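Numbering (the working numbering), first residue to last: 264 to 786.
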């Protein structure tokens, strides 16, 4: 209460002090009445946020709040800054939004933080737009359930489970019969060059990372041309070996033997020995690539090559299988685009996923050149792609400076770079390829921290699980968090084999009767 004015009374003439009460407002403030004891709130809880399309929440149309976040493409996650929905995928940002100049994404992050989840979300969303996902080598497998749910084709490739003939031109020669002129010639030459590159890649891996010589490369290319002209049906590596042994004059000219057959034998001796081990299946690569393809790839639906049957210890076989799958996949894409250009098939766009990129890069000197040739022209082919690896160190752990610079170019040429949790030691290498601010560095490195030590807590997920930073050129990055819908959770369980197992129950057949009884007593 505050003092008011003095007022003279009419009877006694005394001066009385009259209290002046404060005027109470007619309505409370945003947090209630501000007077003591009137119940004003000191903390106001933020309202719950909901999202929906204009069709779903049309009655609330005047009330939604917009944002400056990109809203074109696959709904990838929500912003960690504004909580707004972020839509992002390399194809939509290239073709529709015009935000990037190359429809490709490089995804980096430590294992277990959700890299495969981001790729699956993009693949699922793009499938809804009519883009066909192609998973060209799934080692775990992370994508099999998704492709099967999309009514796609899953191709098993592993010892005893499936073969991939590296000399199989696929649909290229059949498609060439439907074409004329330069399109026909280009498709035939592309098929031959692609098969030659794959054979050279297998030789490099088998020879302990030593690529074929220039003369051997010439012999392989010319031998494939001779083989296509004189062989009926689909050839295999044994047929290529026989051409080298037969030594036709055209092949001797390619080898530059100067008319000396003994010199030709000397030039091709190493190549013949390597092809012999590949064709016979006696090498560490087995017979996967030397026999006829068990399941040809289709072009009209999503496809995944399941390589999970190849053991982790068979590193060379994994790298060779990835290289062969990439070559087969891009060959099928080329056939589809050439036929569409000629008006013989409907136009299809593809989203190609190259997972575990580092495995193929480390398989031998010169392999980076073959991968570079496979991936460089995706914009002209109408193909979007996502390349997935763990860290920049994986890409740069190559024996020569030339190969390291080419591998670094994969990141530099990518239309967008999506980074999950990474160690601080990686930041110097990352900033050489992508401009990253100090605040963004602190954010990325904080996401790679492990979960709490307590095993009593059911939620032991890493704090950075599902967090990613989208970088496009020198622009400020967009930090997002990817949440899964209930349907996706069943398709995105990369620890499925752990969750399917009951670790607390061990069958008596394994422990024996006495051990099983003891286990029951303890429990």
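For glycine and all other residues, C-beta sits at the position ideal for the given N, C-alpha and C. In this text, all values refer to a predicted model and were calculated from it rather than measured experimentally.
Whole angstroms are fine: how far does the CA of residue j sit from the CA of residue i?
i: residue 505; j: residue 430; result: 14 Å
i: residue 466; j: residue 552; result: 12 Å
i: residue 548; j: residue 477; result: 23 Å
i: residue 558; j: residue 498; result: 16 Å
i: residue 515; j: residue 489; result: 12 Å
i: residue 590; j: residue 562; result: 14 Å
i: residue 571; j: residue 728; result: 24 Å
i: residue 594; j: residue 519; result: 31 Å
i: residue 765; j: residue 382; result: Here residue 765 scores only 49 on pLDDT, less than 50, and its place in the model should not be relied on; the value that follows carries that caveat. Spanning the two alpha carbons is a distance of roughly 29 Å.
i: residue 550; j: residue 556; result: 11 Å
i: residue 606; j: residue 367; result: 27 Å
i: residue 604; j: residue 491; result: 25 Å
i: residue 482; j: residue 535; result: 11 Å
i: residue 739; j: residue 681; result: 13 Å
i: residue 513; j: residue 750; result: 59 Å
i: residue 449; j: residue 597; result: 10 Å
i: residue 651; j: residue 455; result: 28 Å
i: residue 673; j: residue 703; result: 21 Å
i: residue 753; j: residue 710; result: 24 Å
i: residue 502; j: residue 413; result: 38 Å
i: residue 441; j: residue 398; result: 28 Å
i: residue 686; j: residue 599; result: 41 Å
i: residue 385; j: residue 616; result: 10 Å
i: residue 542; j: residue 347; result: 56 Å
i: residue 733; j: residue 365; result: 15 Å
i: residue 746; j: residue 731; result: 12 Å
i: residue 369; j: residue 425; result: 30 Å
i: residue 693; j: residue 679; result: 13 Å
i: residue 579; j: residue 404; result: 18 Å
i: residue 736; j: residue 698; result: 7 Å
i: residue 771; j: residue 379; result: With a pLDDT of only 48 at residue 771, under 50, the local geometry of the prediction cannot be trusted, and no value is derived from it.
i: residue 658; j: residue 293; result: 56 Å
i: residue 463; j: residue 416; result: 28 Å
i: residue 480; j: residue 436; result: 22 Å
i: residue 321; j: residue 334; result: 18 Å
My output table needs one value for residue i: the three-state DSSP class, helix, strand or coil.
i: residue 765; result: At residue 765, the pLDDT of 49 sits below 50, so the modelled position is not reliable; the number obtained from the coordinates is stated separately. It is coil, neither helix nor strand.
i: residue 572; result: coil
i: residue 742; result: strand
i: residue 504; result: helix
i: residue 344; result: coil
i: residue 808; result: Because the chain here runs from 264 to 786, residue 808 falls outside it and cannot be looked at.
i: residue 754; result: helix
i: residue 463; result: helix
i: residue 533; result: helix
i: residue 417; result: strand
i: residue 590; result: helix
i: residue 388; result: helix
i: residue 747; result: coil
i: residue 292; result: strand
i: residue 365; result: coil
i: residue 608; result: coil
i: residue 444; result: helix
Take the Cβ of residue i as the centre, count every other Cβ of all protein chains shown within 10 Å, and call the residue buried at 16 or more, exposed below.
i: residue 701; result: exposed
i: residue 524; result: exposed
i: residue 297; result: exposed
i: residue 623; result: buried
i: residue 290; result: exposed
i: residue 496; result: exposed
i: residue 546; result: buried
i: residue 315; result: exposed
i: residue 588; result: buried
i: residue 654; result: buried
i: residue 668; result: exposed
i: residue 306; result: exposed
i: residue 521; result: exposed
i: residue 592; result: buried
i: residue 444; result: exposed
Taking DSSP's pairing of strands, which residues face residue i in a bridge?
i: residue 395; result: 613
i: residue 350; result: 338
i: residue 732; result: 682 and 742
i: residue 401; result: 569
i: residue 647; result: 614
i: residue 482; result: According to DSSP, which records beta bridges pairwise, residue 482 is partnered with nothing at all.
i: residue 652; result: 371
i: residue 425; result: 421
(request) Please confirm if the segment 612 to 623 is in contact with the segment 392 to 403, defined as three or more CB-CB distances below 8 Å between the two stretches. (result) yes
(message) Taking 8 Å as the cut-off, does the segment 341 to 356 touch the segment 647 to 667 (at least 3 CB pairs, one atom from each stretch)?
(response) yes
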